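Residue numbers (our numbering): 113 to 205.
Note that CB positions come from ideal geometry on N, CA and C, so glycine has one too.
Computed from a predicted model, the values in this text were never measured in an experiment.
The next block holds one structure in the form of structure tokens; read it before the comments.
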Amino acid sequence: MAKATARHILVPSEDKANELKAQIEAGADFAEVAKANSTCPSSRQGGDLGSFGPGQMVKEFDAVVFSAPTGTVQGPVQTQFGYHLIEVTSRQD
């Protein structure tokens with residue numbers, strides 16, 4: 113069964129997600145940006161969501177995690193919770 117590990121940043125607006133993505137792409141540390149900005153409780157762990165399989169996250173999130181290359185920041189991805197920046201840290205198919 114496929115498994116992935118990922119971290120994310122959850123914010124209420126697409127503009128904020130794009131702003132944070134630009135900071136990360138300019139060299140800011142993903143975990144530090146998550147701790148300072150993410151509205152998800154995972155922000156305390158730098159956005160780390162641990163390991164999970166397909167179907168354990170909302171559909172839009174799952175689609176990115178199980179298709180995107182590892183180590184790149186994806187998004188903004190809109191879900192019912194807000195806008196996510198997602199980095200897949202590992203995946204086993």
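| Item | Value |
| --- | --- |
| Output the distance between the C-alpha atoms of VAL200 and ASN149, rounded to the nearest integer angstrom. | 19 Å |
| With a 10 Å radius around its C-beta and 16 neighbouring C-beta atoms as the bar for buried, classify GLN186 as buried or exposed. | buried |
| What do you reckon, are the CB atoms on TYR195 and ALA146 nearer than 7 Å? | no |
| Identify every residue that forms a DSSP beta bridge with ASP205. | Its beta-bridge partners do not exist; DSSP assigns none. |
| What do you get for GLY162, buried or exposed, if any count of 16 or more other CB atoms within 10 angstroms of its CB means buried? | exposed |
| LYS133: buried (16+ other C-beta within 10 angstroms of its C-beta) or exposed? | buried |
| Excluding sequence positions up to five away, which residues of its chain have a Cβ less than 8 Å from the Cβ of PHE99? | Past the edges of the chain, shown from 113 to 205, lies residue 99, and the structure says nothing about it. |
| Taking the straight line between their C-alpha atoms, what separation do you get for GLY159 and GLN168? | 16 Å |
| According to the Cβ coordinates, are MET113 and GLY183 closer than 7 Å? | no |
| For SER125, tell me which candidate among ALA175, GLN204 and THR151 has the shortest Cα-Cα distance. | THR151 |
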